[in-house]
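Each remark here refers to the structure printed beneath this line.
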Amino acid sequence: MKEFSKKANIILLSLSFLGLILGSLLILFSNNLVNDIQTVLETKIFHRTFDITKWADTITSLIAFPLFTVIALDAVLFFKFPVKSKIVLLSALFVLCAFFTLFCSYTRGNQVIDSDMASEILLAKECFLKKSFWPRSWNYSTEIRLLNTQILTAPVFAFTSNWFLVKTISGLMLCLLLPLALLFLLSQLKIRSVWMRLLSCLLIFCPWSGEMWRIVQFGNYYIPHIAIGFVYVGLFLALAYSELSVKKHHIFLITFFIVAFVSGLSGIRYILYFQFPLTVTILGYAVSSSVRAKVPYRFSSFFIKNKPTFYSCGGLLLGGVGYIANNLILSKLFTFSQFNTTAFNTIGDVTFTDVHRAVFEILGYKNGVSVFTPSGVTNILLYVALAFLIICFIDYFKIPLLTPRKVFVTFVIVMSVFNAFTYINTEYIARYFILILVYIVPCLALFLYEKDISALKRYMLGVSLAAVLICSSFITYETVLCTDNNTDKHEVAAFLQEQSYTFGYATFWNANVFTFMTNGKVEIANLYRKNDGGTDLITDRFKCDKWLTPERYYEDTERNDEKVFLLVTNDEYDASSDLRIFQTGKRVYTDDFYQVFEYANNTVFKNGF
1157 MKEFSKKANI ILLSLSFLGL ILGSLLILFS NNLVNDIQTV LETKIFHRTF DITKWADTIT
1217 SLIAFPLFTV IALDAVLFFK FPVKSKIVLL SALFVLCAFF TLFCSYTRGN QVIDSDMASE
1277 ILLAKECFLK KSFWPRSWNY STEIRLLNTQ ILTAPVFAFT SNWFLVKTIS GLMLCLLLPL
1337 ALLFLLSQLK IRSVWMRLLS CLLIFCPWSG EMWRIVQFGN YYIPHIAIGF VYVGLFLALA
1397 YSELSVKKHH IFLITFFIVA FVSGLSGIRY ILYFQFPLTV TILGYAVSSS VRAKVPYRFS
1457 SFFIKNKPTF YSCGGLLLGG VGYIANNLIL SKLFTFSQFN TTAFNTIGDV TFTDVHRAVF
1517 EILGYKNGVS VFTPSGVTNI LLYVALAFLI ICFIDYFKIP LLTPRKVFVT FVIVMSVFNA
1577 FTYINTEYIA RYFILILVYI VPCLALFLYE KDISALKRYM LGVSLAAVLI CSSFITYETV
1637 LCTDNNTDKH EVAAFLQEQS YTFGYATFWN ANVFTFMTNG KVEIANLYRK NDGGTDLITD
1697 RFKCDKWLTP ERYYEDTERN DEKVFLLVTN DEYDASSDLR IFQTGKRVYT DDFYQVFEYA
1757 NNTVFKNGF
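If you read the sequence shown in my numbering, its first letter stands for residue 1157, the second for the next number, and so on.
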């Protein structure tokens, strides 16, 4: 296909940059624009107080219209740009995304953070204080964090005590791990096109949806899982299918087996996520090949001399050894829960609608928006993109040769089916599908690179999927800038600081979040909570829930020389207002959401139940 002339290329590239700048400025100030639009609606149109909540998604989507138009047109015309222009355009988008990630993280951290996210920073602070990446003084959650966020986050505390800055800097560094790990994987898949690599890096870096932002780009929870998965599979492909120099082979071999062991040592999740599906894929091909060739089974030739089988099974075996060590050794040294008691759901608990909603919302689908808005058009394009993605998967398997790329695509399907089955039939949580859906990005690169798939199908897939994920990401940034999830918490957080409180108690979802919001000045221990009809209730006996907090919070000598507080939501108070603990304390704060009770010291509080 003939490229744009030099003059047309310069004009279109200049217009694209101008549109990106203007569109980005609109998104940057979208919060102010939404308020101005609300004022116009109230004073000029409805002549009454207007609840903008119902229309917020549609209005923010319209504000993104200029940027959406630029990205959509560039996607449609992208194939006619020269390679250098493609690289420049994608680089500009990557820089924009990095800027918005930094800006949103720092300026909207207090509006987005919750106790679960705040726990990551608390752990990093504990690591810094204890001079260890794995402090035994921390009460972990569902796994021991061996290769996790604290390894990058904790050292940042050496340069600043500002928790917001620590979260921003470490968050960007963690986000950059995703494109770096993906680049390594693409290198082993022999994707040599620079612009395809850059496009893949952009797509894996972007927050396609609010859930992606919360769990990956801001929360950073799944970044280690995704990055380690990419690296593990990339190392396997290199060892099993590439001719490496002796030095490189030794480095890759040692790294592969270390990653395999540490993955299992961290818990069962990594094994289920990528180690087991990869082994099943390779064994499936090996058995199929042996049956077709009518080769008699010999252990040495099947498991030892066959490199793909040797490395996949060896990795899984080491992962299993690591998991045994996790259960027998680490569980005695550290406090964390395990998955040994996981049970199957009742059939029908999770419906097709639940899965459909989870997958589409993660990929940027917006509910309740007008059809003829950027979000509405993006919703339509998402269906188009997924349709062509399925078509390209089918076409890829029509290619007769068994190549490392085909093995990888097969692995993605096996991994997706196995993990989806696990999620749906055991502990279903919608965000788990993120771990599967990120593999769309390397598959997109493979399909675009594969000449045996028709040019039209590759074009339709590339345009629709790239436009959906990039446009949805900027709409996500805009939503973050226009949303405050903690409107109920700002006043009480300010009160706790003004009154110089340094320690108190609350149920989990109202504990660590305030430590973060007060820049670490107010530490809050978790009270055990029982749930009654969706409401957390304070128990009538002093009992703590040590989940995701340092052990020192619960030592008897802690804070006996200073006042402490009990923070409860109004719902918690109303459901258990007759408890003695509320009678023995002094109510010092109340608003529409929270109440705070003061006690002379920690011992007085504990004896107050």
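All C-beta atoms, glycine included, are put in the ideal place defined by N, C-alpha and C.
7 Å CB neighbourhood of residue i in its chain, flanking five on each side removed
{"i": "residue 1630", "result": "1183, 1220, 1223"}
{"i": "residue 1628", "result": "1364, 1365, 1520, 1534"}
{"i": "residue 1538", "result": "1516, 1519, 1520, 1521, 1624"}
{"i": "residue 1684", "result": "1695, 1699, 1700, 1701"}
{"i": "residue 1599", "result": "1565, 1568"}
{"i": "residue 1544", "result": "1613, 1616, 1617, 1620"}
{"i": "residue 1186", "result": "1216, 1219, 1634, 1637, 1638"}
{"i": "residue 1308", "result": "1326, 1329, 1330"}
{"i": "residue 1514", "result": "1586, 1589"}
{"i": "residue 1747", "result": "1647, 1648"}
{"i": "residue 1736", "result": "1764, 1765"}
{"i": "residue 1350", "result": "1243"}
CB of residue i within 8 Å of CB of residue j, strictly
{"i": "residue 1298", "j": "residue 1276", "result": "no"}
{"i": "residue 1463", "j": "residue 1396", "result": "yes"}
{"i": "residue 1732", "j": "residue 1704", "result": "no"}
{"i": "residue 1360", "j": "residue 1597", "result": "yes"}
{"i": "residue 1721", "j": "residue 1660", "result": "yes"}
{"i": "residue 1246", "j": "residue 1354", "result": "yes"}
{"i": "residue 1385", "j": "residue 1420", "result": "no"}
{"i": "residue 1750", "j": "residue 1725", "result": "yes"}
{"i": "residue 1622", "j": "residue 1356", "result": "no"}
{"i": "residue 1663", "j": "residue 1682", "result": "yes"}
{"i": "residue 1281", "j": "residue 1313", "result": "yes"}
{"i": "residue 1367", "j": "residue 1238", "result": "no"}
{"i": "residue 1706", "j": "residue 1294", "result": "yes"}
{"i": "residue 1453", "j": "residue 1446", "result": "yes"}
{"i": "residue 1525", "j": "residue 1214", "result": "yes"}
Span of the beta strand (DSSP E) around residue i
{"i": "residue 1751", "result": "1750 to 1755"}
{"i": "residue 1661", "result": "1659 to 1662"}
{"i": "residue 1743", "result": "1742 to 1746"}
{"i": "residue 1679", "result": "1679 to 1682"}
{"i": "residue 1725", "result": "1720 to 1725"}
Residue i to residue j span [Cα, whole Å]
{"i": "residue 1495", "j": "residue 1189", "result": "47 Å"}
{"i": "residue 1414", "j": "residue 1576", "result": "27 Å"}
{"i": "residue 1443", "j": "residue 1369", "result": "41 Å"}
{"i": "residue 1499", "j": "residue 1425", "result": "15 Å"}
{"i": "residue 1719", "j": "residue 1423", "result": "40 Å"}
{"i": "residue 1412", "j": "residue 1348", "result": "23 Å"}
{"i": "residue 1605", "j": "residue 1180", "result": "31 Å"}
{"i": "residue 1431", "j": "residue 1595", "result": "15 Å"}
{"i": "residue 1241", "j": "residue 1416", "result": "40 Å"}
{"i": "residue 1382", "j": "residue 1587", "result": "13 Å"}
{"i": "residue 1168", "j": "residue 1162", "result": "10 Å"}
{"i": "residue 1193", "j": "residue 1301", "result": "46 Å"}
{"i": "residue 1266", "j": "residue 1319", "result": "11 Å"}
{"i": "residue 1766", "j": "residue 1212", "result": "This structure cannot settle anything about residue 1766, because the visible part of the chain is limited to 1157 through 1765."}
{"i": "residue 1570", "j": "residue 1311", "result": "38 Å"}
{"i": "residue 1409", "j": "residue 1439", "result": "20 Å"}
{"i": "residue 1729", "j": "residue 1642", "result": "19 Å"}
{"i": "residue 1434", "j": "residue 1471", "result": "10 Å"}
First through last residue of the alpha helix (DSSP H) which encompasses residue i
{"i": "residue 1254", "result": "1239 to 1263"}
{"i": "residue 1509", "result": "1508 to 1518"}
{"i": "residue 1169", "result": "1162 to 1184"}
{"i": "residue 1292", "result": "It is not in any alpha helix (DSSP H) - residue 1292 carries neither H nor E in the DSSP assignment."}
{"i": "residue 1505", "result": "No alpha helix (DSSP H) contains residue 1505, which DSSP labels as neither H nor E."}
{"i": "residue 1415", "result": "1402 to 1422"}
{"i": "residue 1628", "result": "1611 to 1638"}
{"i": "residue 1760", "result": "1758 to 1763"}
Below-8 Å beta-carbon distance, residue i vs any chain C residue
{"i": "residue 1287", "result": "Considering every chain present, this structure includes no chain C. It has just one protein chain."}
Residues of its chain near residue i, where Cβ-Cβ distance is below 6 Å and the 5 sequence neighbours each way are ignored
{"i": "residue 1344", "result": "1390, 1393, 1394"}
{"i": "residue 1757", "result": "1716"}
{"i": "residue 1561", "result": "1345, 1602"}
Proximity test, residue i beta-carbon vs the ligand ADP heavy atom, cut-off 7 Å
{"i": "residue 1368", "result": "As for the ligand ADP, it is missing from this structure, which has no ligand bound."}
Residues near residue i in its chain [Cβ-Cβ closer than 8 Å; skip 5 each side]
{"i": "residue 1687", "result": "1693"}
* So, do the segment 1647 to 1654 and the segment 1250 to 1262 have three or more beta carbon pairs nearer to each other than 8 Å? -> No, they do not touch.
* Inspect the CB distances between the segment 1266 to 1278 and the segment 1669 to 1683 and report whether three or more fall short of 8 Å. => Verdict: yes, contact present.
* Check whether the segment 1381 to 1390 touches the segment 1285 to 1292, taking contact to mean three or more Cβ pairs, one atom from each stretch, closer than 8 Å. => Taking 8 Å as the limit for Cβ pairs, the verdict is that the segment 1285 to 1292 does not touch the segment 1381 to 1390.
* To do: Could you tell me whether the segment 1694 to 1702 touches the segment 1747 to 1765, using the rule of 3 or more Cβ pairs below 8 Å?
  => Segments in contact, yes.
* Asked: When the Cβ atoms of the segment 1324 to 1335 are set against those of the segment 1736 to 1745, are three or more pairs found closer than 8 Å?
  -> Judged by Cβ distances under 8 Å, the segment 1324 to 1335 makes no contact with the segment 1736 to 1745, as fewer than three pairs qualify.
* Asked: Per the contact definition of three or more C-beta pairs closer than 8 Å, is the segment 1226 to 1243 in contact with the segment 1166 to 1178?
  -> Yes, the segment 1166 to 1178 touches the segment 1226 to 1243.
* State whether the segment 1370 to 1385 contacts the segment 1581 to 1594, with contact taken as three or more CB pairs (one from each stretch) at a distance under 8 Å. => At 8 Å Cβ cutoff, the stretches touch.
* To do: Give a yes or no on contact between the segment 1542 to 1560 and the segment 1475 to 1486, applying the rule of three or more CB pairs nearer than 8 Å.
  => They do not touch, by the three-pair rule.
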